[in-house]
Amino acid sequence: MLSIIFHSLLLLLSSPNHVDAFSSQPLETIKKRTGTSTKTIRIGTRPSPLAKIQTNQVASKLERLSKNENIRVEIIDITATGDEENTKHFQQESKIDAPLAVQSVDFTSTLDDALLRNEIDVAVHSCKDIPPANRWCKENGKNLLTIASCLEREIPCDVLVYREEDWDVSWNDEMSIASLPYGSRVGTSAIRRQAQLLHLRNDLELVNLRGNVGSRLEALKRGEVDALILAYAGLKRLWESSSDSTITAELSSLHGGSIPNEPTLMYSPIPFDDILSGCCQGVVATVCRSADSDTLDLLKGIDYLPSSIAVAAERSFLNELDTFHPQTYKYKMKWKGRPPLAAYMSASTNASNEDSVTNWNFQGLLTRPDGSKLIQTSRTYENEGIMPLERAEEIGRDHARELLSKAGADFYLDDNED
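Mind the numbering: the sequence shown is residues -21 to -1, 1 to 397 in mature numbering (1 follows the signal peptide of the UniProt record, and there is no 0), read in order.
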């Protein structure tokens, strides 16, 4: 099943015509708006290698879109508070006794603040890092910022990264979560991943590694952990920045193997049945001021509609569940805020026309941080094609409400409580 989903995604993402097919703003409209005066688009980015790669993707698309126009792109580095944590890691004292990721990591607000101060015109974010709409840059009930466009989505699965010396050739396959030795120390900063890991293997010792991808790989090589859980999309974007063209060729599909430029490390894809991806994982989003119609129109020209549809559904799901927390039911828990959740809206294509999206599938889950309770939802939507964003939002809300109905107040009760 996983290979079918990956194949459908790769068909969709590898088509040479996908930008033209799904671009939501014709260039003629942009030409009429921009006229002949020179306009500088200031794009803010975090200084991390991955953030710069993503920003360069956006800049290149804007430059190609407006190559005959008087538009200049300027990239401005802005350090986010999350980047300042890149040398720190925190280990939980008890595997299932406390919140697994108690320190919040903020990769968006510094750039968002720069937008609001008019220091930049565009912020480039990993869409999964953008807060839910109900608590994202609001004033008098209105969002001051908006997601203007989404780039083509990378495969949003997670991967297990481990040292080659720890791989047992007798497995005849890549390492999996099930094959990790008892009590292995696994590094990940995402409470979503931690909870799903504990649901599968509560013997694992989870280490809350923070920082960028490079610092986490170094921690693995130093032996601070036995394995890492990372997003495939982030690794792939870093690999594609390599000057070695063979690396990009090898990454035309998802395979386990050695990590390019890291010969002592290996990786294996994690099936969605084991760990479902975070909301909007694998999507690069551009953000601008809601009132900046010129920049908003320009960014719409690089939007990839299948990505935006999936983002609309997954963020609606996230927003609906964001206020579901123990305090709602006056329970005193050792963790605060909403429980971990995950969602993935995937598209499939017509076999005779790989640019034609026909069906969608939505998967979502809600779990306790200790992994002791996990509930899921899944449904396929046939022949809906390139649906309106409002329809996608409706789908996300419906699945969130289904999980809320399944969870109820008892979701926060231990099994031995009355």
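All residues carry an ideal CB built from backbone N, CA and C; glycine is no exception. Source: prediction; values computed, not measured.
Grouping DSSP H, G and I as helix and E and B as strand, with all else coil, what is Gln260?
By 1-based counting over the sequence shown, the position of residue 260 is 281. Coil.
Neighbour-count burial assignment, Asn187, 16 or more Cβ in a 10 Å radius
Sequence index remark: in the sequence shown, residue 187 carries index 208 (1-based). That one is buried.
Using CA atoms only, rank isn't needed, just tell me which of Leu382, Ser247 and Thr34 is closest to Tyr211.
Working through the sequence shown from its first residue, we reach residue 211 at position 232. Per the Cα distances, Ser247.
If you follow the alpha helix (DSSP H) that Ser194 is part of, which residue opens it and which one closes it?
Here residue 194 refers to the residue found at position 215 of the sequence shown. First-last of the alpha helix (DSSP H) with Ser194: Val192 to Lys200.
So if DSSP puts Val103 in a beta bridge, which residue, or which two residues, is it bridged to?
The residue you call residue 103 lines up with position 124 of the sequence shown. Answer is Thr265, bridged to Val103.
Trp218 versus Leu277, Pro28 and Val336, residue with shortest Cα-Cα distance
Sequence index remark: in the sequence shown, residue 218 carries index 239 (1-based). Of Leu277, Pro28 and Val336, the residue nearest in Cα terms is Pro28.
Just to confirm before moving on: does the CB-CB distance between Ser128 and Leu278 stay below 7 Å?
Here the question's residue 128 lines up with position 149 in the sequence shown. Here the question's residue 278 lines up with position 299 in the sequence shown. Going by C-beta atoms, Ser128 is nearer than 7 Å to Leu278.
Quick test of your reading: Thr87 and Pro110, contact by CB under 8 Å. State the CB separation rounded to the nearest angstrom.
Taking the sequence shown and counting its residues from 1, one reaches residue 87 at position 108. Taking the sequence shown and counting its residues from 1, one reaches residue 110 at position 131. Yes, they are in contact, since the Cβ atoms of Thr87 and Pro110 sit about 7 Å apart, within 8 Å.
Among Gly343, Ile32 and Asp92, which residue has its Cα nearest to the Cα of Asp377?
Stepping through the sequence shown from its first residue, residue 377 is reached at position 398. If we check each option's Cα against that of Asp377, Gly343 comes out closest.
On a CA-only basis, which of Thr302, Asn122 and Gly202 is nearest Glu143? Give me that one, please.
Start at 1 with the first residue of the sequence shown, and residue 143 comes out as number 164. That would be Gly202, whose Cα lies nearest to the Cα of Glu143.
For Ile20 and Val101, which I take to be in contact (beta-carbon distance under 8 Å), what is that distance rounded to the nearest angstrom?
Counting from 1 along the sequence shown, the entry for residue 20 is found at position 41. Counting from 1 along the sequence shown, the entry for residue 101 is found at position 122. Sure, about 6 Å apart at Cβ, within 8 Å.
Label Lys40 either buried or exposed according to how many other C-beta atoms from any shown protein chain fall within 10 Å of its C-beta, with 16 as the threshold for buried.
By 1-based counting over the sequence shown, the position of residue 40 is 61. With 16 or more other Cβ atoms within 10 Å, it is buried.
Give me the residue from Ile170, Arg268 and Asp253 with the minimum Cα distance to Ile22.
Position 43 of the sequence shown, counted from the first residue, corresponds to residue 22. The shortest C-alpha separation from Ile22 is found at Arg268.
Note down, one range per segment and in chain order, each beta strand (DSSP E) of at least 3 residues found wholly within the segment 336 to 369.
353 to 360
For Glu299 versus Ala379, is the C-beta distance shorter than 7 Å?
Taking the sequence shown and counting its residues from 1, one reaches residue 299 at position 320. Taking the sequence shown and counting its residues from 1, one reaches residue 379 at position 400. Contact: yes.
One or two residues paired with Met245 in a DSSP bridge
In the sequence shown, the residue the question calls residue 245 occupies position 266. According to DSSP, Met245 bridges with Tyr141 and Ser237.
For Leu(-20), name the three-state secondary structure that DSSP assigns.
Start at 1 with the first residue of the sequence shown, and residue -20 comes out as number 2. Bear in mind that the predicted position of Leu(-20) carries a pLDDT of just 41, short of 50, making it too unreliable to give a figure here.
I believe Gly162 touches Glu184 by the beta-carbon criterion, under 8 Å. Please report the beta-carbon distance rounded to the nearest angstrom.
One-based indexing of the sequence shown puts residue 162 at position 183. One-based indexing of the sequence shown puts residue 184 at position 205. Rounded, the Cβ-Cβ distance is 6 Å, consistent with contact.
Which parts of the segment 18 to 53 are runs of the beta strand (DSSP E), unbroken and 3 residues or longer, counting only runs that do not cross its ends?
18 to 24
Gly213, enclosing alpha helix (DSSP H) - first and last residue
Position 234 of the sequence shown, counted from the start, is the residue given in the question as residue 213. It spans Tyr211 to Glu219 - the alpha helix (DSSP H) in which Gly213 sits, taken as one unbroken run.
Report the three-state DSSP secondary structure of Ala386 (helix, strand or coil).
By one-based count along the sequence shown, residue 386 stands at place 407. Three-state result, Ala386: helix.
Local Cβ density within 10 Å of Asp397, reported as buried at 16 or more and exposed below that:
Position 418 of the sequence shown holds residue 397. In this predicted model, Asp397 has a pLDDT of only 45, less than 50, meaning its place in the structure is not dependable; the value taken from the coordinates is given anyway. It counts as exposed.
Assuming the contact rule is C-beta atoms closer than 8 Å, Gly375 and Ser295 should be a hit. Round their C-beta distance to whole Å, please.
Start at 1 with the first residue of the sequence shown, and residue 375 comes out as number 396. Start at 1 with the first residue of the sequence shown, and residue 295 comes out as number 316. Between Ser295 and Gly375 the Cβ distance is about 3 Å, and since that is below 8 Å, they are a contact.
Where do the N-terminal and C-terminal ends of the alpha helix (DSSP H) with Val290 fall, by residue?
Locating residue 290 in the sequence shown gives position 311, where the first residue counts as 1. It spans Leu284 to Leu300 - the alpha helix (DSSP H) in which Val290 sits, taken as one unbroken run.
How is the alpha helix (DSSP H) around Thr125 delimited, first residue to last?
Within the sequence shown, residue 125 is the residue found at index 146, counting from 1. Counting along the chain, Thr125 falls outside any alpha helix (DSSP H), though it belongs to the beta strand (DSSP E) covering Leu124 to Cys129.
Is it right to say Lys107 is buried, meaning 16 or more other beta carbons lie within 10 angstroms of its own, or is it exposed?
Walking along the sequence shown from the start, residue 107 turns up at place 128. Answer is buried; the Cβ neighbour count reaches 16.
Does DSSP classify Glu203 as helix, strand or coil?
By 1-based counting over the sequence shown, the position of residue 203 is 224. Correct three-state label for Glu203: coil.
For Ser327, list the residues DSSP reports as bridge partners.
What you label residue 327 is simply residue 348 of the sequence shown in a count that begins at 1. Note: Ser327 sits in a beta bridge opposite Asn338.
Here's the rule: buried if 16 or more other CB atoms are within 10 angstroms of the residue's CB, otherwise exposed. What is Thr24?
In the sequence shown, the residue the question calls residue 24 occupies position 45. By the neighbour-count rule (16 or more Cβ atoms within 10 Å), Thr24 is buried.
Taking all protein chains shown into account, decide if residue 398 is buried (16 or more other Cβ within 10 angstroms of its Cβ) or exposed.
In the structure as shown, the chain begins at -21 and stops at 397. Residue 398 is therefore absent and cannot be evaluated.
Mark His265 as exposed unless 16 or more other C-beta atoms lie within 10 angstroms of its C-beta, in which case mark it buried.
Counting from one through the sequence shown, the residue named residue 265 turns up at place 286. It is worth fixing the name first, because residue 265 is Thr in this sequence and not His. Buried.
Tell me which residue opens and which closes the alpha helix (DSSP H) that Arg164 is part of.
Here residue 164 corresponds to residue number 185 of the sequence shown, with the count starting at 1. Unbroken run through Arg164 is the beta strand (DSSP E), Arg164 to Gly166; no alpha helix (DSSP H).
Going along the chain, which residues of its own chain have a beta-carbon closer than 7 Å to the beta-carbon of Ile354, five neighbours each way excluded?
Taking the sequence shown and counting its residues from 1, the one referred to as residue 354 is at position 375. The residues are Leu344, Leu345, Leu382, Lys385 and Ala386.
So which of Val263, Asp349, Asn362 and Trp146 has the shortest CA-CA distance to Arg180?
Here residue 180 corresponds to residue number 201 of the sequence shown, with the count starting at 1. The shortest C-alpha separation from Arg180 is found at Asp349.
Cα-Cα separation between Ile170 and Asn362, rounded to whole angstroms:
As a position in the sequence shown, residue 170 is number 191, starting the count at 1. As a position in the sequence shown, residue 362 is number 383, starting the count at 1. Each residue's alpha carbon lies about 35 Å from the other.
Using a Cβ-Cβ cut-off of 6 Å (strictly less than) and excluding sequence neighbours within five positions of Ala291, which residues of its own chain qualify?
Within the sequence shown, residue 291 is the residue found at index 312, counting from 1. Once the five neighbours on either side are set aside, the close Cβ partners of Ala291 are Leu368, Ala371 and Glu372.
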